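Colleague: Here you go, one structure.
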Amino acid sequence: AILTQWTCHYQAYSRLLQVRHELNAIFAQDRVTPRIIFIGDNEQIAHAEEMEVIIKNDNFWRGLTRMTFVLEPLAIAANK
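Start counting the sequence shown at 2; every next residue gets the next number (my numbering).
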């Protein structure tokens, strides 16, 4: 099957929605015992903090859900 950009975006967004709770758990645990995300120099830690803001933003997840809903029929049609 030839993957279109719609299909790639749909698959990426769907996967993010599937692992949402795990991402939140990893960030929460890393705040208690920094080992995975909040490590490195100040620039890397600042980048991790930016990611955390996005991961904890409900509007991000709502937008991702809407985009997945819109892209799903295109992804299905592209792979028939």
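Quick reminder that beta carbons are idealized off the backbone N, C-alpha and C, glycines included. Every value quoted in this text rests on a predicted model; they were computed, and no experiment measured them.
What three-state label does DSSP hand residue 70 in the structure shown?
Modeller: It is helical.
Colleague: Nearest CA to the CA of residue 15: which residue from 81, 32, 68?
Modeller: The candidate whose alpha carbon is nearest that of residue 15 is 68.
Colleague: Count the other CB atoms, across all protein chains shown, that sit within 10 Å of the CB of residue 53; report buried if there are 16 or more and exposed otherwise.
Modeller: Under this definition residue 53 is a buried residue.
Colleague: When burial is assigned at 16 or more other CB atoms within 10 Å of the CB, is residue 38 buried or exposed?
Modeller: By the neighbour-count rule (16 or more Cβ atoms within 10 Å), residue 38 is buried.
Colleague: Pop quiz: residue 76 and residue 11 are said to be a contact at Cβ under 8 Å. What is the actual Cβ separation, rounded to whole angstroms?
Modeller: At roughly 4 Å, the Cβ-Cβ gap stays under 8 Å, so residue 76 and residue 11 are in contact.
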